[in-house]
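In terms of numbering that gives the first Met the number 0, the sequence shown is residues 0 to 78.
For each residue, glycine too, the CB sits at the ideal point set by N, CA and C.
Computed from a predicted model, the values in this text were never measured in an experiment.
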Amino acid sequence: MEKVVLVQEEMTVKQKLQDILMVLSWREMARSYFGKSSGWIYQKLDESNGKKFSDAEKEQLRGALVDLADRIRRAADTI
0 MEKVVLVQEE MTVKQKLQDI LMVLSWREMA RSYFGKSSGW IYQKLDESNG KKFSDAEKEQ
60 LRGALVDLAD RIRRAADTI
């Protein structure tokens with residue numbers, strides 16, 4: 000179990016989000032939840048020029064994904 004935790008901690012944010020990467024509008028995510036451009040979030044996801052998500056930005060991204068999941072669930076419940 001400890002080895003699995005270590006491997007997951009070594010994964011990049013982009014690797015952790017692989018399952019949903021192509022489904023989300025990252026431009027809209029950057030604009031709505033961070034007030035930033037699509038270029039900003041793609042640089043963070045790709046770790047371009049050493050740019051990575053800070054711990055605070057990771058927490059903000061986690062919150063944005065939870066909010067989006069809740070919004071999707073509420074929309075699905077109306078169908």
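Item, Value
"Counting C-beta neighbours from all protein chains within 10 Å, is the total for residue 43 16 or more, i.e. buried, or is it exposed?", "buried"
"Could you give the residue range of the alpha helix (DSSP H) that holds residue 58?", "54 to 76"
"Looking at the structure shown, is residue 51 part of a helix, part of a strand, or coil, going by DSSP?", "coil"
"Consider the C-beta atom of residue 72 and the heavy atoms of the ligand NAP; say whether any pair is separated by less than 6 Å.", "The ligand NAP is not part of this structure, which contains no ligands at all."
"Output the boundary residues of the alpha helix (DSSP H) element that contains residue 40.", "37 to 45"
"Please report how far the alpha carbon of residue 55 lies from the alpha carbon of residue 11, in whole angstroms.", "15 Å"
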